[in-house]
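Note that my numbering numbers the sequence shown so that position 43 is 43, with each residue one more than the last.
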Amino acid sequence: MKTIFETLLSSRKGLGDIGVVVDPFTGRVNTCIPAASRYPGGPVLKAADFFDDVQGQMLRGQIDLKLDPRLSMLCDVLNPGAAHYNGKYVLVARFANTRRFTDHFLAESSDGIHWTCNPRVLDLPNLPRAPKESTLRAANPNLPKDQAWRPGVMYDARVTQMGDEYLMTQAVDYDTLEPEGNEFFNICDNVLYRTRDFKKFEFVSTFLGNTRNGVMFPRKIDGYYWCAARPNSSYGQAPMGQSTLLFRSKDLVDWKEVSVLFTAGHAWLCHGGPGFPPFETEDYWVMGAHGVEIHGSHRVHYRGAVCVIDKKTMKLAAPPAPILDPAEQYELDGLVDNVIFPSGILFGDGRGDGVKSSDTRVAIYYGGADRVIGAATSTVERLIAAGLGKYNPFANR
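Here you go:
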């Protein structure tokens, strides 16, 4: 079976983002291939695909003729984590329903394009029912210690493979319980789980304190686990919502800030943070990012981007570079218009960890307008060149 990494495009069926100009007299061709090219078949997973697949499973007698009420009202599928497992591809797909409840389900694929959906809300045990005290005091020292909280709501999974284990981060929202109509206080944190089989998940920690967009590096560096994340409020010298920081830990529980990786605040990067998790090459770590351009008080424009981190210094080799701009209707029109949010990545070599060669093929999975999941393809070489500001879309053979 051909996978997304073996897809050949035809002008008769559509080339997606790839532009081709042909001289009909000489046959000479000029090709423009962006650093990341959308899969031309449109979204790879949306709400209608979920229901078509689940109802097919019901008809075949594979599952009961009953669906979790939280999923039976599903209307949006977005912002997935992605992983290689047992010879297949896995998405940890976020969903939202008509009551605006949000959580995740698993989807599995043999080709990275067509997905079989598990019609069960992901079971993540032992999540604390309130934020940890250190997070609470740092975010709002005036809240009472006996403050009641709504149970945490999790979203926007990222998955990182480390050998036979997978580390999954999600954002978790805690809201204070207040009388209806009263103002409430919110804390968002990163929560960390581990799994070996995507069936049983072990809670590790709510681990950074008042942050989101946490992404794990796929191996230890100098004896430490590393991650990148975006603080929700001012954090040391980092302005609120505008900086991405590096952290490290010996045990995945207690984390210390290392440095500010990049700071947003202008142009296409008015706000921003990590996207897909980092992967390793000979000289660099390559990490996804998202940048938010803001117009007025309501209009936003989310782009997918790439960051190239020098392995020797653990600092950016160049500023973050946008590689995916909302252009298709399913990216322009949705729950939140004009959004590409790159949260998952897969590789043509079949593993999420290990050092990637320059010709390794890459598939990026992203949320489109907070409504669907799209995919884009690239190579390690193109992503590095784009991240260094050196990519030439016309120099292709």
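Beta carbons are placed, not taken as given, at the ideal position from N, Cα and C, and that holds for glycine.
Bear in mind that the values here come from a model prediction, so they are computed numbers and not experimental data.
Legend entry - Reduced DSSP category for Ser259 - H, G, I as helix; E, B as strand; rest coil: The count along the sequence shown starts at 1 and reaches residue 259 at position 259. In the structure shown, Ser259 sits in a strand (DSSP, three-state: E or B).
Legend entry - The alpha helix (DSSP H) enclosing His91, as first and last residue numbers: Counting from 1 along the sequence shown, the entry for residue 91 is found at position 91. Note that residue 91 is Leu in the sequence shown, not His. Leu91 -> not in any alpha helix (DSSP H); beta strand (DSSP E) instead, spanning Lys88 to Asn97.
Legend entry - Top-ranked residue by Cα proximity to Tyr39, from Thr102, Gly16, Phe50 and Ala130: Residue mapping note: residue 39 aligns to position 39 of the sequence shown, counting from 1. The shortest C-alpha separation from Tyr39 is found at Gly16.
Inset, instruction - My understanding is that Phe184 touches Leu143, with C-beta atoms under 8 angstroms, so please give their C-beta distance in whole angstroms. - result: Position 184 of the sequence shown holds residue 184. Position 143 of the sequence shown holds residue 143. Contact flag wrong, Cβ pair sits at about 11 angstroms.
Legend entry - Among Gly334, Gly367, Ala321 and Gln329, the one whose alpha carbon lies nearest that of Leu383: Mapped onto the sequence shown, residue 383 falls at position 383. When only C-alpha atoms are compared, the closest one is Ala321.
Legend entry - Residue range of the unbroken alpha helix (DSSP H) whose run includes Glu381: Looking up residue 381 in the sequence shown gives position 381. Where Glu381 is concerned, the enclosing alpha helix (DSSP H) stretches over Val380 to Gly387.
Legend entry - Rounded straight-line distance, which links the Cα of Glu180 to that of Ala36: Residue numbering aside, residue 36 sits at position 36 when the sequence shown is read from its first letter. Residue numbering aside, residue 180 sits at position 180 when the sequence shown is read from its first letter. Spanning the two alpha carbons is a distance of roughly 46 angstroms.
Inset, instruction - Under 8 angstroms Cβ to Cβ from Arg230, same chain only, skipping five residues before and after it: list those, please. - result: Residue numbering aside, residue 230 sits at position 230 when the sequence shown is read from its first letter. Correct list, in chain order: Thr211, Arg212, Asn213, Gly241, Ser243, Thr244, Leu245, Gly272, Gly273 and Pro274.
Legend entry - Assigned exposure category for Asn338 - 16 Cβ within 10 Å defines buried: To locate residue 338, count along the sequence shown from 1; it is residue 338. Around the beta carbon of Asn338, a 10 Å sphere encloses 16 or more other beta carbons of the protein chains shown; the residue is thus reported as buried.
Legend entry - Exposed unless 16 or more other CB atoms sit within 10 angstroms - verdict on Phe347: Along the sequence shown, read from residue 1 onward, the residue named residue 347 stands at position 347. Phe347 comes out buried.
Legend entry - Complete alpha helix (DSSP H) runs within the region 28–63 (minimum length 4 residues, chain order): You should have 47–59.
Legend entry - Distance CB(Leu124)-CB(Phe5) smaller than 9 angstroms: Stepping through the sequence shown from its first residue, residue 124 is reached at position 124. Stepping through the sequence shown from its first residue, residue 5 is reached at position 5. No, these two residues do not count as a Cβ contact at 9 angstroms.
Inset, instruction - With distances taken Cα to Cα, identify the nearest neighbour of Ser249 among Gly389, Trp226 and Thr195. - result: Locating residue 249 in the sequence shown gives position 249, where the first residue counts as 1. For the residues Gly389, Trp226 and Thr195, the minimum Cα distance to Ser249 belongs to Trp226.
Legend entry - Where the alpha helix (DSSP H) through Ala138 begins and ends: Sequence index remark: in the sequence shown, residue 138 carries index 138 (1-based). In the DSSP annotation of this structure, the continuous segment of the alpha helix (DSSP H) that includes Ala138 starts and ends at Glu133 to Ala139.
Legend entry - Buried or exposed by the 16-neighbour rule on C-beta atoms within 10 Å, applied to Ala148: Locating residue 148 in the sequence shown gives position 148, where the first residue counts as 1. Classification for Ala148: exposed.
Legend entry - For Leu122, the three-state DSSP class (helix, strand or coil): Position 122 of the sequence shown, counted from the start, is the residue given in the question as residue 122. DSSP places Leu122 in coil when its eight states are reduced to three.
Inset, instruction - State yes or no: is the C-beta of Ala321 nearer than 8 angstroms to some heavy atom of the ligand GDP? - result: Within the structure as shown, the ligand GDP is missing, as the structure has no ligands at all.
Legend entry - Residue closest to Arg299, alpha-carbon to alpha-carbon, out of Pro151, Ile113 and Cys270: Taking the sequence shown and counting its residues from 1, the one referred to as residue 299 is at position 299. In this structure, Cys270 is the residue among Pro151, Ile113 and Cys270 with its C-alpha nearest to the C-alpha of Arg299.
Inset, instruction - Determine the contact status of Pro277 and Val204, defining contact as a CB-CB distance below 9 angstroms. - result: What you label residue 277 is simply residue 277 of the sequence shown in a count that begins at 1. What you label residue 204 is simply residue 204 of the sequence shown in a count that begins at 1. Not closer than 9 angstroms, so no.
Legend entry - Nearest to Gly291 (by Cα), restricted to the options Leu335, Leu252, Leu332 and Ile340: Numbered from 1 along the sequence shown, position 291 holds the residue referred to as residue 291. Ranking the options by Cα distance to Gly291, first place goes to Ile340.
Legend entry - Member of Met162, Thr377 and Ala48 whose CA lies at the smallest distance from the CA of Thr195: For the purposes of this step, residue 195 is taken as the residue at position 195 of the sequence shown. Comparing Cα positions, the closest option is Met162.
Inset, instruction - Tell me Ala363's beta-bridge partners as DSSP assigns them. - result: In the sequence shown, the residue the question calls residue 363 occupies position 363. Leu346 and Thr377.
Inset, instruction - Give, in chain order, every unbroken run of the beta strand (DSSP E) that is at least 3 residues long and sits entirely within the region 190–258. - result: As far as the region 190–258 is concerned, its whole beta strand (DSSP E) runs of at least 3 residues are 201–206, 211–216, 225–231 and 243–249.
Inset, instruction - Would you list the one or two residues that DSSP bridges to Phe279? - result: The sequence position of residue 279 within the sequence shown is 279, counting from 1. Phe279 is bridged to Val286.
Legend entry - Reduced DSSP category for Tyr302 - H, G, I as helix; E, B as strand; rest coil: Within the sequence shown, the letter at position 302 stands for residue 302. DSSP places Tyr302 in strand when its eight states are reduced to three.
Inset, instruction - Compare the Cα-Cα distances from Glu165 to each of Ala327, Asn86 and Pro131 and report the closest residue. - result: In the sequence shown, the residue the question calls residue 165 occupies position 165. The shortest C-alpha separation from Glu165 is found at Asn86.
Inset, instruction - Would you mind stating whether Ala93 and Cys75 have Cβ atoms separated by less than 9 angstroms? - result: Start at 1 with the first residue of the sequence shown, and residue 93 comes out as number 93. Start at 1 with the first residue of the sequence shown, and residue 75 comes out as number 75. Contact flag unset, no.
Legend entry - Three-state secondary structure assigned by DSSP to Phe101: Along the sequence shown, read from residue 1 onward, the residue named residue 101 stands at position 101. DSSP places Phe101 in coil when its eight states are reduced to three.
Inset, instruction - Identify the continuous beta strand (DSSP E) that holds Gln329 and give its terminal residues. - result: By 1-based counting over the sequence shown, the position of residue 329 is 329. Element bounds for Gln329: not the beta strand (DSSP E) but the alpha helix (DSSP H), Gln329 to Leu332.
Inset, instruction - Might you give, ordered along the chain, the residues of its own chain that have their beta carbon closer than 6 angstroms to the beta carbon of Tyr174, omitting 5 neighbours on each side? - result: Position 174 of the sequence shown, counted from the first residue, corresponds to residue 174. Taken in chain order, the residues that qualify are Pro131, Trp149, Gly152 and Ile187.
Inset, instruction - Spatial neighbours of Phe217 within its chain, please: CB distance less than 6 angstroms, with the 5 preceding and 5 following residues excluded, ordered by chain position. - result: For the purposes of this step, residue 217 is identified with residue 217 of the sequence shown, where counting begins at 1. Only Trp226 and Pro278 meet the Cβ criterion.
Legend entry - Residue from Asp333, Ile323, Asp353 and Arg351 whose Cα sits closest to the Cα of Pro342: Translated into positions along the sequence shown, residue 342 becomes position 342. Checked all of Asp333, Ile323, Asp353 and Arg351; the closest Cα to Pro342 is Ile323.
Inset, instruction - Figure out for me which residue from Pro393, Leu261, Val253 and Glu381 has the closest Cα to the Cα of Ala318. - result: By one-based count along the sequence shown, residue 318 stands at place 318. Per the Cα distances, Leu261.
Inset, instruction - Give the range of the alpha helix (DSSP H) segment to which Leu67 is assigned. - result: In the sequence shown, counting from the first residue as 1, residue 67 sits at position 67. Segment: none, Leu67 is in no alpha helix (DSSP H) and carries neither H nor E.
Legend entry - When Asp52, Arg129, Asp146 and Arg219 are compared against Asp189, the one with the closest alpha-carbon: Along the sequence shown, read from residue 1 onward, the residue named residue 189 stands at position 189. Comparing Cα-Cα distances from Asp189 to each of Asp52, Arg129, Asp146 and Arg219, the minimum goes to Arg129.
Legend entry - Coil, strand or helix - Glu178 by DSSP: Taking the sequence shown and counting its residues from 1, the one referred to as residue 178 is at position 178. Here Glu178 sits in coil by DSSP.
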